[in-house]
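This report refers to the structure that appears directly beneath it.
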Amino acid sequence: MQKIIFFLALIAIGCDKKIEKSEINYFDLKGLVTSQIGDLNQKQPRLLKNWQIGSKKESKEFEKTDWNKELEVFIEADINKSGLKNSYVTEKIGFTDKYKLKEGENAPIKYLIVKKDSLGMTEQVELESGMNNYLFESKTKLKLILKDNKLQSYSAEGYQKLFFGKADSTKIEGIIL
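Count the sequence shown with the numbering used here and you get residues 690 to 866, in order.
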């Protein structure tokens, strides 16, 4: 009897995994970034990182990078979460796919724009996230630039503002050398 219960539990777990994999309703940002992370972790190219916090600017070149950590924000921005299944309007114009949050929906990602080349390969991904309530406001724009299915650069630009304070702006750019 225990073997039968164990076998049925394995089947149920296997079915759940199949359902998760088929739930790609929008552009698979998580899949794209995970693939790029695997390639970058294997090749370990140099990274030139520029950042600006307020008016202070810095730049540094890195020989080795933890790409999982570096690109984690893009994986977290994936809009294929089960709670967002019907939250976005999809518009396809030429080589550009736009996913815009429906009016009345509440999600951190406001839009996702994917530009592809004539062969259907992703060239650019841009998205905006934001939060706004009576105490706090934030907005972030993220961008990935690819060429021949290889990540060339990425950026994150945004600000945070408390109700009673001044907005703090931040810009980070990574260029793969």
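All C-beta atoms, glycine included, are put in the ideal place defined by N, C-alpha and C. Predicted, not measured: the structure shown is a model, and the values here were computed from it.
task: Please specify which runs of the alpha helix (DSSP H), each continuous and at least 4 residues long, are wholly inside the stretch 756-782, giving them in chain order.
output: 756-759, 761-765
- request: Measure the C-alpha to C-alpha separation of K850 and D786 and round it to an integer number of angstroms.
  value: 31 Å
- prompt: Would you say T723 and I768 are within 8 Å of each other, going by their C-beta atoms?
  reply: no
message: Considering only the alpha carbon of each residue, which of G819, K789, F825 lies closest to A845?
response: G819
task: Could you pull out every residue in the same chain whose Cβ sits closer than 8 Å to the Cβ of K855, ignoring the five residues on either side in sequence?
output: none
- prompt: With C-beta atoms as the reference, is E815 less than 8 Å away from I798?
  reply: no
query: Expressed to the nearest angstrom, what Euclidean distance is found between the alpha-carbon atoms of I865 and Y843?
result: 9 Å
- prompt: So, is F853 buried or exposed, given that buried needs 16 or more other C-beta atoms within 10 angstroms?
  reply: exposed
task: Classify S724 as helix, strand or coil using the three-state DSSP reduction.
output: helix
L808, DSSP secondary structure in three states: coil
message: With a threshold of 8 Å, are at least 3 pairs of Cβ atoms found where one atom belongs to the stretch 775-795 and the other to the stretch 728-747?
response: no
- prompt: Just curious, the beta strand (DSSP E) that A845 is in, first and last residue?
  reply: 839-851
query: Is the CB-CB distance between L718 and G863 below 8 Å?
result: no
message: For a quick check, are the C-beta atoms of Y777 and Y715 less than 8 Å apart?
response: yes
query: How should Q725 be labelled, buried or exposed, when 16 other C-beta atoms within 10 angstroms of its C-beta is the threshold for buried?
result: buried
- request: Alpha carbon to alpha carbon, how far is L760 from S822? Give it in angstroms, no decimals.
  value: For the record, residue 822 in the displayed sequence is Asn; it is not Ser. Each residue's alpha carbon lies about 27 Å from the other.
query: CB-CB under 8 Å to K746, same chain, minus the five flanking residues each way: which ones, in chain order?
result: N739, W740
- prompt: Less than 8 Å separating the beta-carbons of Q813 and I782?
  reply: no
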